[in-house]
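Asker: Handing you this structure, nothing more for now.
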Amino acid sequence: MSHDPLLQPYQLKHLTLRNRIIVTAHEPAYPEGGMPKERYRAYTVERAKGGVAMTMTAGSAAVSKDSPPVFNNLLAYKDEIVPWIREMTDAVHAEGAAIMIQLTHLGRRTRWDKGEWLPVVAPSHHREASHRAFPKKIEDWDIERIIEDFADAAERMKAGGMDGVELEAYGHLIDQFASPLTNELDGPYGGSLDNRMRFCFDVLKAIRTRVGDDFILGVRYTADECLPGGTGKEDGFEISKRLKESGLVDYLNVIRGHIDTDAGLTDVIPIQGMANSPHLDFAGEIRSATNFPTFHAAKIPDVATARHAIASGKVDMVGMTRAHMTDPHIVRKIIEKREDDIRPCVGANYCLDRIYQRGAAYCIHNAATGRELTMPHTIAKADRRKKVVIVGAGPAGLEAARVAGERGHDVVVFEAANDPGGQIRLTAQSERRREMISIIDWRMSQCEKLGVSFHFNTWAEAETVQSENPDVVVIATGGYPHTEVLSKGNELVVSAWDIISGDVKPGANVLIFDDAGDHAGLQAAEFLAKAGAKVEIMTPDRSFAPEVMAMNLVPYMRALQKLDVTFTVTYRLKAAEQSGNEIIAHVGSDYGGISKQRMVDQIVVNHGTIPLDELYFDLKPVSNNLGEISHDQLIAGEPQTVVRNPAGKFQLFRIGDAVAARNTHAAIYDALRLLKDI
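Read in order, the letters of the sequence shown correspond to residues 1 to 678 in the UniProt record's numbering.
Here it is, written out as structure tokens:
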């Protein structure tokens, strides 16, 4: 038997959990019509196959119609959900894992123009900054109805085979009752802590009456809002003790912080560049004070930190949720002594930021997550070994090399630079984004184990590629900055890459024109401002940096606002002209009627990339498919069979930014879905 603390079983009431690692509740936004259908089930079951002790699904399944599904939530208030839940729970149980679901009423943390267009309700009229809905102040009949809705939903989940339910309190309606900042009711549900907690306990009692004692019931709640006038640590400890002493719950899932703003949410669920496990010690204090089963998750991305959390007794079950989105097979790899093969979570938070921007969750560097029905997490061997030549060792090229290597092919990679990484090596130069380099390091490690051959400092020509006698050629050469965007004066501008790389000295008074809206523009701004420059970021869009998204924007704003960077939206840089030692920036607007000027000494343009595709077009005439990809076969996950030139000796593909400017996830997805069938 293993002595690894993470692999020890844990007895939670009547339920035996096979190890100490869980996936905490989260909503990947895969429901179809509010139901957990095939895609949702495949995603959930994959984590069970990977060995996790318990997976909690549905970060806040809605119990009431006036809890609109702003995150594409599961609709636990519908009877039709039961058979879908049953199919999922049966499949998870068959893999040896337990499964629970999180139930909630969002309260003010939603919008009235979603779902059934019902008024948002809360124990005050205070709106939540993130979702901007002004709530109706909840009435007595609303409270009675919602308590009944919670009980009904829990009963449905038990009928569906769930091992238990967890109430989502923090930031949602239950917490809105508990916090003095959001509860302006008179008694019996407002005023004292006893009254503010009454709603939570009424819900718990109603649920327990319906589901009985042989059903796990937990609460994920705020034990310290970290807000003046809110639920503080002292009240949080008292709430924790009362939850235990109630006899209604079987464990506590501890949260510290508040989620009513993007900044607050990011402190609760930290991203890259922020400290790992920032609230673990606090969760340990709760466990010590209550001597009660305690769960916790908040940026615990690596096995070493998780192992410490259990070995030190800080928690009983440790959540590694985003880590399991990156690699669903963490536990299996621990058991097999293959921890070095675990794909690392880099904290890019592409997963959650997409959810909060009304998209589905995808991992920035595991393109199979959320696509389990069509994309493999484990690559199958090919029937016949082929020679695969890849040009470019950025994320697209390295993923292509890894997947081709897993297929058992003879793989050769040519890279013009000294080192692998492409744009990721550039972006990782920022201290806060340094974790991104793990995307490259992990793939290099995997490729070395697979025997992939690398040739760095090699500018591959068509003859270089053809001399390898390839069966398949993949062009992953990326792109170069596109700065030719002005009607005149393009020779006066530099790219964001020039600034980030240090190839161009920072100016003193700098205008950044950013209509790509990605990380490069903000990284350049931070670099310049820290060097002492006066910086203005200008964009023709309604908002700046939309591709960065909400939670990733938080640390940039914290840095850039302190450095007094100016943000200008809805204006477009039209032209530039030299004037002595300065540059006149001519500014207009897509809305018309505006002509302004700025006097600066440096203009930085961030406008995406132009493909480095010369080699592709050199090879295209001698390939058998003439570079063509069947989109139907690509989407269906089938091998590429296009033949347009029977005399050609190899298939030719290009991927990533060698096709068009996109992002890291798109580049890796390109590589996976093409190479998995080669």
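Note that beta-carbon positions come from the ideal geometry of N, C-alpha and C, so glycine has one too.
(1) Between V268 and A297, how many whole angstroms is the CB-CB distance? I'm expecting something under 8 Å.
(2) Are W84 and M157 close, meaning C-beta to C-beta below 8 Å?
(3) Take T294 as the anchor and find which of S277, I255, A263 has the nearest alpha-carbon.
(4) Once the 5 residues before and after C363 are set aside, which same chain residues still bring their CB inside 6 Å of it?
(5) Count the other C-beta atoms from every protein chain shown that fall within 10 angstroms of the C-beta of P646, then say buried if there are 16 or more, exposed otherwise.
(6) How many whole angstroms separate the CB atoms of R443 and R407, which I take to be in contact at a CB cut-off of 8 Å?
(7) Rank G592, E614, D79 by C-alpha distance to the C-alpha of Y480 and give the top, closest one.
(8) On the CB-based measure, 16 or more other CB atoms within 10 Å of its CB, does W112 come out buried or exposed?
(9) Within a Cβ cutoff of 6 Å, which residues of the same chain sit near A289, ignoring the five residues on either side of it in sequence?
(10) What first and last residue would you give for the beta strand (DSSP E) that runs through residue 682?
(11) Straight-line CA distance for L522 to R598?
(12) Thinking C-beta only, is G164 closer than 8 Å to residue 682?
(13) Expressed to the nearest angstrom, what Euclidean distance is found between the alpha-carbon atoms of residue 689 and A550?
(14) Relative to the C-alpha of A396, which residue among L173, N625, D410, A476 is closest?
(15) Does DSSP classify V70 as helix, strand or coil?
(16) Closest by CA to A367, which one among E399, M54, V474, V452?
(17) When the Cα atoms are used, what is the spatial distance from H365 to S438?
(18) Among K676, S445, A53, which residue has its Cα nearest to the Cα of M317?
(19) Buried or exposed: where does Y591 fall if 16 or more other Cβ atoms within 10 Å of its Cβ makes it buried?
(20) Could you pull the start and end residues of the alpha helix (DSSP H) that V45 belongs to?
(21) Since V411 and V388 are thought to touch, with beta carbons under 8 Å apart, how far apart are those beta carbons, to the nearest angstrom?
(22) Is it the case that the Cβ atoms of T104 and H26 are separated by a distance below 8 Å?
(23) Indicate whether D142 and V120 have their beta-carbon atoms separated by less than 8 Å.
(24) What's the C-alpha gap between V474 and I335?
(25) Under 7 Å Cβ to Cβ from P611, same chain only, skipping five residues before and after it: list those, please.
(26) What does the Cβ neighbour count give for H607, buried or exposed, with the cut at 16 atoms within 10 Å?
(27) Does the beta-carbon distance from T321 to V23 come in below 8 Å?
(28) What does DSSP give as the partner residue(s) for A585 in the beta ladder?
(29) Taking just the CA atoms, how far does P123 sit from L185?
(30) Take the Cβ of A576 as the centre, count every other Cβ of all protein chains shown within 10 Å, and call the residue buried at 16 or more, exposed below.
(31) Just verifying my parser: in three-state terms, what is the DSSP assignment at A476?
(32) Assuming P28 contacts A361 (C-beta within less than 8 Å), just tell me the rounded distance between them.
(33) Let's see if you can read the secondary structure: which residues bound the alpha helix (DSSP H) around F653?
Answerer: In this structure, then:
(1) Contact doesn't hold; Cβ gap of about 10 Å is too wide.
(2) Contact check for W84 against M157 fails: the beta carbons are separated by 8 Å or more.
(3) The option with the nearest alpha carbon to T294 is I255.
(4) Excluding residues within five positions, the ones whose Cβ falls inside 6 Å are M325, T326, C351, T369.
(5) Taking all protein chains shown into account, P646 has fewer than 16 neighbouring C-beta atoms within 10 Å of its C-beta and is therefore exposed.
(6) Taking C-beta atoms under 8 Å as the contact rule, R443 and R407 fail to qualify, at a distance of about 15 Å.
(7) The option with the nearest alpha carbon to Y480 is E614.
(8) Buried.
(9) Closer than 6 Å at Cβ, skipping near neighbours: F237.
(10) Only positions 1 to 678 of the chain appear in the structure, and residue 682 is not among them; the question remains open.
(11) Spanning the alpha carbons of L522 and R598 requires a straight line of approximately 20 Å.
(12) There is simply no residue 682 to check, as the chain begins at 1 and stops at 678 in what is shown.
(13) There is simply no residue 689 to check, as the chain begins at 1 and stops at 678 in what is shown.
(14) Taking only the C-alpha atoms, the option nearest A396 is A476.
(15) In the structure shown, V70 sits in coil (DSSP, three-state: anything other than H, G, I, E or B).
(16) When each option's Cα is compared against that of A367, the closest is E399.
(17) So the two alpha carbons sit approximately 10 Å from each other.
(18) Closest option to M317, Cα to Cα, is A53.
(19) If you draw a 10 Å sphere on the C-beta of Y591, you find fewer than 16 other C-beta atoms in it, and that means exposed.
(20) Residues 38-49.
(21) That belief holds up - the Cβ atoms of V411 and V388 are roughly 5 Å apart, short of 8 Å.
(22) No, the pair does not count as a contact, with Cβ atoms beyond the cut-off.
(23) No, Cβ-Cβ distance for D142 and V120 is not below 8 Å.
(24) Taking the Cα positions, V474 is about 35 Å away from I335.
(25) Within its own chain, the residues whose Cβ lies closer than 7 Å to the Cβ of P611, once the five positions on either side in sequence are excluded, are G479, D657, A658, V659, A660, listed in chain order.
(26) Looking at its Cβ environment, which holds 16 or more other Cβ atoms inside 10 Å, H607 is buried.
(27) Yes, they are a contact pair.
(28) As computed with DSSP, A585 is found in a beta bridge with A576, R598.
(29) The straight-line gap from Cα to Cα measures roughly 6 Å.
(30) The residue is buried, with at least 16 neighbouring Cβ atoms inside 10 Å.
(31) In this structure, A476 counts as coil in the three-state DSSP scheme.
(32) The Cβ separation is near 4 Å, so the contact holds.
(33) No alpha helix (DSSP H) holds F653; the beta strand (DSSP E) holding it covers 651-654.
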